[in-house]
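Just remember that my numbering sits 8 ahead of the position in the sequence shown, which is counted from 1.
Ideal placement from N, C-alpha and C gives every residue a C-beta, glycine not left out.
One structure is given below, encoded as structure tokens.
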Amino acid sequence: MPGIEEVHYTNRLAGEKSPYLLQHAHNPVDWYPWGAEAFTKAEREGKAVFLSIGYSTCHWCHVMAHESFEDREVAELLNDAFVCIKVDREERPDIDGVYMEACQMMTGSGGWPLTIVMTPDRLPFFAATYIPRENRFGRMGLLSLIPRLRQLWVLERPRTLQTAREVASALQRDSENYQPGDIGEEALDKAYEQLRRSYDAVHGGFGRAPKFPSPHNILFLLRYHKRKGVPEALSMACGTLEAMRRGGIFDHLGFGFHRYSTDERWLVPHFEKMLYDQAMLLLAFTEAFAVTGREEYRRVCDEVLQYVSRDLSAPGGGFYSAEDADSEGREGKYYLWSLGEIKKALDSDEADLATKVFSLHEGGNFHGEDGERGANILYLAKPIGEYARTLGIEERELTERMEELRRKLFLHRRGRTAPHRDEKILTDWNALMTGALARAGRSFSDERYAAAAEKAMAFSLSRLREPGGLLLHRHCGGESAIPAFLDDYAFMTWALVELYEATSKPSYLEEATRLSRLMKEFFKDDEKGGFFFTAGESDELPARKKEIYDGAVPSGNSMAMLALVKLARLTGDSSLEGEAWSVAKTFSRRISEAPMAHTMALVALESALDA
């Protein structure tokens with residue numbers, strides 16, 4: 009408006025490389041990156057620390073940023089009450105892991121954006137996820153919450169400090185709460201029974217909405233079937249893979265899988281695309297092909313390869329981290345279609361076919377957050393062969409016709425504003441994709457996969473290492489930085505073993521052996537067993553974690569077990585297999601109590617049990 013001066017802000021995040029931190033570099037919030045400067049200021053000024061953790065392709069992180077962190081009124085309250093720190097969880101999974109556990113302890117749940125308020129010596133006393141700007145549906149908004157938190161810190165500090173100390177003690181106890189023991193076939197059988205009971209025989213997948221791909225469940229079931237000859241294990245694995253490929257969680261035009269399904273039918277996805285999901289699902293479909301020989305599984309692998317090569321490949325061979333769920337300020341807008349758009353992009357016969365096969369209708373099958381209707385997600389309600397029979401044409405003809413209209417719709421969609429791409433290259437995720445490509449190349453005898461895997465590994469070994477050979481965690485904006493974590497070493501060791509098996513090049517086996525030694529040197533808990541997530545002792549965080557839970561990405565300890573078993577078999581070094589068994593025994597109680605939550609660890613255990 010005339011006469012009103014537009015105010016531009018720049019805070020300390022402007023000097024960072026992380027795309028997520030740079031998204032907040034012009035907030036009026038006086039953000040600091042994680043580091044001594046921020047904590048020294050908090051100590052000097054007697055302020056608590058407001059820590060906000062997220063990542064650049066996170067939908068609710070965007071919502072909270074637009075509602076609150078870009079708002080001058082909220083920013084003034086935050087700046088006055090706290091020293092404010094922003095962290096990219098993908099750059100610093102060590103920080104995220106500790107404070108996410110604190111959030112789960114304090115609130116019973118977690119997620120991103122993660123909001124922590126803590127003392128200047130990094131002890132948390134308040135935790136939440138997304139917080140609205142104003143009070144909403146009985147939930148306190150930041151405008152009311154910030155003054156209340158400031159009051160707690162200023163007027164009730166002794167009680168607040170006691171809460172912080174109790175949370176820190178609980179974090180420390182949990183990080184040390186491992187009771188080693190034996191583990192074997194009974195854990196595998198229990199995991200299978202848990203998966204069988206939770207399997208959705210109608211829609212595929214496990215449990216209720218929201219449904220996550222959980223490819224390590226599929227890998228476990230495929231191996232369980234192979235070892236024990238259980239047909240139902242194979243049926244659950246294949247049923248889930250096929251349901252996901254038909255559903256809206258799969259991008260039927262540009263390929264690749266979205267993050268998860270918000271409903272039980274795999275229809276309505278959370279639209280972001282993560283590199284690690286592509287890698288793990290590529291691995292799952294490859295193993296399903298190896299077990300069944302079904303050509304449809306190989307085609308899905310080719311589709312994933314097309315997507316990753318086209319949209320996530322970086323110059324020089326590495327792979328970018330993710331694509332956003334949002335474009336033009338709306339979740340999923342890039343992927344949604346009205347019937348009118350379909351009719352403009354295709355001729356009348358093609359539009360009629362697309363409407364029938366993709367189950368499109370005028371009212372739409374996706375309702376946005378604002379309640380808007382008329383948008384459709386493309387999906388297949390049944391296998392393509394059933395559509396062919398209904399339409400009275402050969403399946404091959406229908407497949408060819410669908411491929412032609414897919415290409416037209418894909419080219420039409422390319423004219424839209426594409427989602428943001430996070431161009432960080434992370435060592436662990438990059439290694440996961442590298443190993444999956446190597447496995448696919450070996451299974452399919454296809455040089456394209458092996459060539460992509462070798463190129464990615466060459467990038468990692470040249471750009472994600474220090475001169476002395478230690479790994480770094482992140483490459484972004486021309487800079488490689490951040491000392492590597494357990495996941496980086498474990499995933500890289502596994503990927504190198506897979507590459508050796510795909511190419512028979514001794515250099516990969518030699519490098520895998522070298523990294524396994526470094527992993528043991530810097531991460532092994534010589535006293536209680538297993539591997540810590542971070543290298544060496546550090547007073548930067550309230551606890552030094554050891555993780556075995558297999559979440560969206562398998563844990564570093566699970567992948568370390570798998571890599572060490574495979575490396576032992578290839579080198580004849582039985583001590584490596586002993587290391588793997590030591591990890592399994594360290595976490596035996598946790599795995600045995602909830603085997604379904606540790607299926608990648610059980611994949612490693614199955615590999616160890618296979619003589």
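Same chain, Cβ closer than 8 Å to Met9, five either side skipped, listed in chain order: Here Met9 scores only 36 on pLDDT, less than 50, and its place in the model should not be relied on; the value that follows carries that caveat. Nothing listed; no residue qualifies.
Three-state secondary structure assigned by DSSP to Cys643: The requested residue 643 is not part of the displayed model; the chain covers only 9 to 619.
Touching by the beta-carbon criterion (3+ pairs, under 8 Å), the stretch 285-300 and the stretch 340-359: Segment contact: the stretch 285-300 against the stretch 340-359, fewer than three CB-CB distances shorter than 8 Å; contact not assigned.
Classification of Leu150 by the beta-carbon crowding that lies within 10 angstroms, buried from 16 upward: Label assigned to Leu150: buried.
Ala446 CB to nearest heavy atom of the ligand ZN below 8 Å: Summarising the ligand content, the structure contains no ligands, and the ligand ZN is consequently not present.
Residue of His67, Pro36, Asp436, Asp104 minimising C-alpha distance to Arg552: Selected option, being the one with the closest Cα: Asp104.
Ala444 to Gly382 span [Cα, whole Å]: When only Cα atoms are considered, Ala444 and Gly382 end up about 38 Å apart.
Ordered list of alpha helix (DSSP H) runs contained in the stretch 415-500, each at least 4 residues: Here the runs fully enclosed are 435-452, 455-471.
Sequence-distant residues of its chain with Cβ nearer than 7 Å to Ser596 (five each side left out): Taken in chain order, the residues that qualify are Pro188, Gly189, Asp190, Ile191.
Local conformation of Ile385 per DSSP, three classes: It is coil, neither helix nor strand.
Tyr268 beta carbon less than 9 Å from that of Lys219: A distance below 9 Å separates the beta carbons of Lys219 and Tyr268.
DSSP state of Glu331 mapped onto helix, strand, coil: Strand.
Top-ranked residue by Cα proximity to Arg205, from Leu21, Glu394, Met244: The option with the nearest alpha carbon to Arg205 is Met244.
Top-ranked residue by Cα proximity to Tyr200, from Leu617, Val611, Ser615, Leu85: Comparing Cα positions, the closest option is Val611.
Coarse secondary structure for His278, derived from DSSP in three states: In this structure, His278 counts as strand in the three-state DSSP scheme.
Residue(s) in a DSSP beta bridge with Met288: Residue pairing by DSSP places Met288 opposite no residue, since no beta bridge is assigned to it.
For Ala217, the first and last residue of its enclosing alpha helix (DSSP H): Counting along the chain, Ala217 sits inside no alpha helix (DSSP H), nor does DSSP assign it H or E at all.
Reduced DSSP secondary structure (H/G/I, E/B, other) of Phe540: Residue state, collapsed to three classes: coil.
Cβ pair Met114, Phe134 closer than 9 Å: Remark: C-beta atoms of Met114 and Phe134 approach each other more closely than 9 Å.
DSSP bridge partner residues for Gly62 (one or two, in chain order): Gly62 is bridged to Asp96.
C-alpha gap between Leu494 and Arg20, whole angstroms: Between Leu494 and Arg20, the C-alpha separation is close to 29 Å.
Bounding residues of the beta strand (DSSP E) (the contiguous stretch that carries Ala135): Annotation for Ala135: the continuous beta strand (DSSP E) segment containing it runs 132-136.
Euclidean distance between Cα positions of Leu59 and Ala460: Cα-Cα distance, rounded: 39 Å.
Burial state of Leu584 (16 or more Cβ within 10 Å): Around the beta carbon of Leu584, a 10 Å sphere encloses 16 or more other beta carbons of the protein chains shown; the residue is thus reported as buried.
Cβ distance (whole Å) where Ala498 is taken to contact Gly559 below 8 Å: With 8 Å as the limit, Ala498 and Gly559 do not qualify as a contact, their Cβ atoms being about 15 Å apart.
Rounded straight-line distance, which links the Cα of Phe541 to that of Phe531: Rounded to the nearest whole angstrom, the C-alpha separation of Phe531 and Phe541 is 7 Å.
Inter-residue Cα distance where the pair is Thr18 and Lys25: Each residue's Cα considered, the two are about 15 Å apart.
Identified DSSP bridge partners for Arg147: As DSSP reads the structure, Arg147 sits in a beta bridge with Arg144.
Local conformation of Lys55 per DSSP, three classes: Coil at Lys55, not helix or strand.
Residues near Leu313 by beta carbon distance below 6 Å, same chain, minus five either side: No residues qualify anywhere along the chain.
Nearest residue (CA-CA) to Pro2, options Glu51, Val106, Pro41: Because the chain spans 9 through 619 in this model, residue 2 falls outside it and cannot be assessed.
Asn185 classed as buried or exposed, judged by whether at least 16 other C-beta atoms fall within 10 angstroms: Asn185 should be labelled exposed.
From Ala446, Arg235, Arg147, Ser615, residue whose alpha carbon lies closest to that of Tyr138: Check the Cα spacing between Tyr138 and each of Ala446, Arg235, Arg147, Ser615: the tightest is with Arg147.
Between the CA atoms of Trp42 and Thr386 - distance to the nearest angstrom: Looking at the sequence itself, residue 386 is Leu, so the reference to Thr does not match. The alpha-carbon atoms of Leu386 and Trp42 are separated by roughly 42 Å.
According to DSSP, residues forming a beta bridge with Lys532: Answer by DSSP bridge pairing, in chain order: Phe539.
Contacting residues, own chain, Cβ-Cβ under 7 Å from Val1 (five flanking each side not counted): The question about residue 1 has no answer, for the chain in this structure spans 9 to 619.
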